[in-house]
Structures are given as C-alpha cells and as structure tokens.
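Visitor: I have a structure I would like to understand better, so I am pasting it below and will then ask my questions one at a time.
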Amino acid sequence: MPLSDYEREQLRLLEQQLRTEAPELHEFLAAPAASHRNRLLAGWLLAFLGAVAILLGLYASLVPVASIGLLGIAVGLFLAHGTGTGPADVTPAR
1 MPLSDYEREQ LRLLEQQLRT EAPELHEFLA APAASHRNRL LAGWLLAFLG AVAILLGLYA
61 SLVPVASIGL LGIAVGLFLA HGTGTGPADV TPAR
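Under my numbering, the residues of the sequence shown are numbered 1 to 94, in order.
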C-alpha cells in the first residue's frame, strides 16, 4: 500500500529531525552508497575468480596459476571489506 501525501511529509520531517539531532545515527541507518555496493560486488567476484584459479592451478599442477589465484582472493577480500565504511565500521559510543 503506497503512502499518502501526509504520511510522506511526516516521514520527511522525521528524517530531517533525525539528521539534525543525531547525524551519526542518520549516517548509520542511511542506505549504503552505490559505489560501496559496486566495490563489494567487484571484490567478491575477484575473490571467487581467485578461488577458481587456485582449483585450476592445483588440478593442472601449475603453481603460478594457483599463486595468482591466492593473490586474487587476498586482493578481492581487501577490496570488498578493506577500506569501506558501513555499519561494521561504526564503533559503539561509550
């Protein structure tokens, strides 16, 4: 069921109030940026391709291919989770 105009306006006012009174909470609850999602997807894709390269390298007894796969996994995981900001990076208030 779609929201009425009155409900949308009330929701907008609540969001504005939250933004001014608790900017940290507003940032925490905001949807992640598209660039963060793209980095996450690209990182996991690179990690998956690295795992495939390791399996192919082990199957064909090609150590360099397996080594490149290991490097791909490491770079992919760093890209996906290394420097991004999000709920996991928020430290609790004391």
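Idealized CB from N, CA, C, for every residue including glycine.
Note that the structure is predicted; figures quoted are calculated from it, not measured.
1) Using the rule of at least 16 other Cβ atoms within 10 Å of the residue's Cβ for burial, across every protein chain shown, is residue 62 buried or exposed?
2) How far does the alpha helix (DSSP H) with residue 23 in it reach, from first residue to last?
3) Buried or exposed: where does residue 46 fall if 16 or more other Cβ atoms within 10 Å of its Cβ makes it buried?
4) If we call anything under 9 Å between Cβ atoms a contact, is residue 76 one with residue 48?
5) Compare the Cα-Cα distances from residue 67 to each of 51, 15, 19 and 9 and report the closest residue.
6) List the whole-angstrom C-beta distance separating residue 44 from residue 80, where the pair is believed to meet the contact cut-off of C-beta under 8 Å.
7) Relative to the C-alpha of residue 54, which residue among 39, 70, 15 and 41 is closest?
8) In angstroms with no decimal places, state the Cα-to-Cα distance between residue 26 and residue 19.
Guide: In short:
1) That one is exposed.
2) From DSSP, the alpha helix (DSSP H) with residue 23 extends over 23 to 29.
3) It counts as buried.
4) Contact flag set, yes.
5) The shortest Cα separation from residue 67 among 51, 15, 19 and 9 belongs to 51.
6) Right, the Cβ-Cβ distance comes to about 5 Å (below 8 Å), so this counts as a contact.
7) Nearest to residue 54 by C-alpha distance, out of 39, 70, 15 and 41, is 70.
8) Annotation: residue 26 to residue 19 spans about 6 Å, alpha carbon to alpha carbon.
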